[in-house]
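Quick notes on the structure that follows.
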Amino acid sequence: MKCNRLVDAGRRQFLRGSGVAAVGAAAAATVGAQAAAATPLARVSFPESRLANLADLAVNEPMDIAYPDADSPGVLLKLGQPAPGGVGPDGDVVAFSVLCPHKGWMLSYSAGDKTLNCPGHHSRFDCEAGGQQVWGHATQNLPQFLLRVDDKGDIHANGVDELIYGRLSNVL
């Protein structure tokens, strides 16, 4: 009989502890969701760098660039229609890292569907959707460079929205 009472007491203690844990987890999730909603995504800032001029670009013809330094190859594109993160009079100028976030392979641009494609494991990234991954092994979207255009039409980069492949952080 004593053994049964101990088992019942153990069950009650377990259920009481589980209830407290569930309430605590729900409260933490709510607070975390509210904090995430109130805090915009952090973007890493780099020293500003001039990449090109609007007059240097042709629609759907990629221009090779390097940002934030010579060890970080990228591409500057005029897509011909507005895109997320796009700048310029038409909101269609974007720039991305061309290092695949999966294994660092050099991506190539496909003008037909405006994607950057990895020859290694066939990941594909949609340039018209902010570098969103549409296929393949990569586990993150393509890093997009943050751009601005000055009054002379010069295009400047001043940050990156994702981790550039091969770096532990986007801090120089």
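Per my numbering, the very first residue in the sequence shown carries number -18; after that it's consecutive.
Where is the CB? At the ideal position from N, CA and C, for every residue including glycine.
Just so it is clear, the structure is predicted and the values come from calculations on it, not from any experiment.
A distance below 8 Å separates the beta carbons of E109 and L60. DSSP places E109 within a helical segment (H, G or I) once states are collapsed to three.
For N41, there is no enclosing beta strand (DSSP E), as DSSP gives it neither H nor E. Counting C-beta pairs with one atom in each stretch, the segment 133 to 147 and the segment 30 to 47 have three or more that are closer than 8 Å, which means they touch.
For a cut-off of 8 Å, the C-beta gap from L123 to F77 is around 5 Å, short enough to register as a contact. In the three-state scheme derived from DSSP, where H, G and I count as helix and E and B as strand, D71 is classed as coil.
The shortest CA-to-CA distance from G111 to any of A36, L97 and A47 is the one to L97. Proximity to P43 across G55, A51 and D50 peaks at G55, based on C-alpha coordinates. Around the C-beta of S89, fewer than 16 other C-beta atoms lie within 10 Å, and the residue is accordingly described as exposed. By the neighbour-count definition (other C-beta atoms within 10 Å, threshold 16), G67 is a buried residue. Spatial neighbours of Q62 in its own chain (CB-CB distance under 6 Å, excluding positions within 5 residues in sequence) are listed in chain order as D73. DSSP lists no beta-bridge partner residue for Y146.
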